[in-house]
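Participant: First residue of the sequence shown: 4, per our numbering; consecutive thereafter. Where a beta carbon is used, it is the ideal one built from N, C-alpha and C, also for glycine. Since this is a predicted model, take the numbers as computed values, not measurements.
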Amino acid sequence: MSNLAERTVKTEPIFDGRVIKVRVDDVVLPNGEMSKREIVNHPGAVAIIAITDEGKIVLVEQYRKALEKAIIEIPAGKLEPGEKPEVTAVRELEEETGYVCENMELITSFYTSPGFADEILYVYKATGLTKKENKAALDEDEFVELMEVSLEEAITLMKDHRIHDAKTMFAVQYLQLQK
């Protein structure tokens, strides 16, 4: 055990929702003192950097209740129980954009907020896109508008704070580095 590790002595479940669970852990700190940690458990998610044959980045605009506004993002979605991240990525790309892809490549994965949550985000790059005539259905409470922009347009959207979430900013910067 690392000399930085905290030992959990008690866990109290607080909330068990459709997307997240919240608990409070009583922990023993490395110096022997006690503390409480509020933890959010999340099943994990995927985000997809989808590039059309014309070199356009596929984005979606959707309302985010937590922010009380619509934001522009790359397609993304949470893992279903037992579902492999690549399967989730293929499903979410089709549901949110109507595209299917020939290639789905894992770029990286990272923890979104490790100070209080265990969510891991798998980032994929999708190429060889084909638009399906009959798009898969969105979740019943999901409404999105599709956008296709060049890298330069995406950079401008980011500079203008119209792209303002971490996964999409990462995607734009990743594509910049690949040039």
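1. Could you give the DSSP three-state label for F18: helix, strand or coil?
2. Are the Cβ atoms of V31 and E15 separated by less than 8 Å?
3. Relative to the C-alpha of K162, which candidate in Q176, V27 and T11 has its C-alpha closest?
4. Anyone know if the C-beta pair for M37 and D28 falls short of 8 Å?
5. Name, in chain order, the residues that DSSP records as bridge partners for G80.
6. Mind the definition here: the segment 103-113 touches the segment 68-86 only if three or more C-beta pairs lie below 8 Å; say whether that holds.
7. Do three or more CB pairs link the segment 46-55 to the segment 76-95 at distances below 8 Å?
8. Can you tell me whether F113 is helix, strand or coil according to DSSP?
9. Quick check on this structure: which residue in G35, Y66, E76 and Q65 has the alpha carbon closest to the alpha carbon of I52?
10. On the criterion of 16 or more Cβ atoms from any shown chain inside 10 Å, does V63 qualify as buried, or is it exposed?
11. If you drop the 5 nearest sequence neighbours on each side, which residues of the same chain put their C-beta closer than 7 Å to that of I17?
12. On the three-state DSSP scale, how would you describe I75?
13. Tell me the rounded alpha-carbon separation between F173 and G35.
14. Go through its chain and collect everything with a Cβ distance to T115's Cβ below 6 Å, but skip five positions before and after it.
15. Does DSSP put R94 in a helix, a strand or coil?
16. Smallest Cα separation from V22: which of V93, P33, D168 and G80?
17. By DSSP, does A157 sit in helix, in strand, or in coil?
Facilitator: Taking the coordinates as given:
1. Taking the first residue of the sequence shown as 1, we reach residue 18 at position 15. DSSP places F18 within a strand segment (E or B) once states are collapsed to three.
2. Position 28 of the sequence shown holds residue 31. Position 12 of the sequence shown holds residue 15. Not a contact, by the Cβ cut-off of 8 Å.
3. Working through the sequence shown from its first residue, we reach residue 162 at position 159. With distances taken between CA atoms, K162 lies nearest to Q176 out of Q176, V27 and T11.
4. For the purposes of this step, residue 37 is identified with residue 34 of the sequence shown, where counting begins at 1. For the purposes of this step, residue 28 is identified with residue 25 of the sequence shown, where counting begins at 1. No.
5. As a working note, residue 80 is residue 77 in the sequence shown. BP columns for G80 point to V49.
6. Between the segment 103-113 and the segment 68-86 there are fewer than three inter-stretch CB-CB distances shorter than 8 Å, so the stretches are not counted as touching.
7. Touching, yes, given that three or more Cβ pairs across the two stretches are closer than 8 Å.
8. By 1-based counting over the sequence shown, the position of residue 113 is 110. It is a strand residue.
9. Within the sequence shown, residue 52 is the residue found at index 49, counting from 1. Per the C-alpha coordinates, the member of G35, Y66, E76 and Q65 positioned closest to I52 is E76.
10. Counting from 1 along the sequence shown, the entry for residue 63 is found at position 60. Looking at its Cβ environment, which holds 16 or more other Cβ atoms inside 10 Å, V63 is buried.
11. Translated into positions along the sequence shown, residue 17 becomes position 14. Cβ within range, chain order: V25, R26 and V27.
12. Here the question's residue 75 lines up with position 72 in the sequence shown. DSSP places I75 in strand when its eight states are reduced to three.
13. One-based indexing of the sequence shown puts residue 173 at position 170. One-based indexing of the sequence shown puts residue 35 at position 32. So the two alpha carbons sit approximately 39 Å from each other.
14. Counted from its first residue, the sequence shown places residue 115 at position 112. Taken in chain order, the residues that qualify are E122 and L124.
15. Within the sequence shown, numbered from 1, the residue matching residue 94 stands at position 91. Reduced to three states, the DSSP call for R94 is helix.
16. The residue labelled residue 22 in the question sits at position 19 within the sequence shown. The residue among V93, P33, D168 and G80 with its C-alpha nearest the C-alpha of V22 is G80.
17. Position 154 of the sequence shown, counting from 1, holds the residue named residue 157. DSSP, read as helix, strand or coil, puts A157 in helix.
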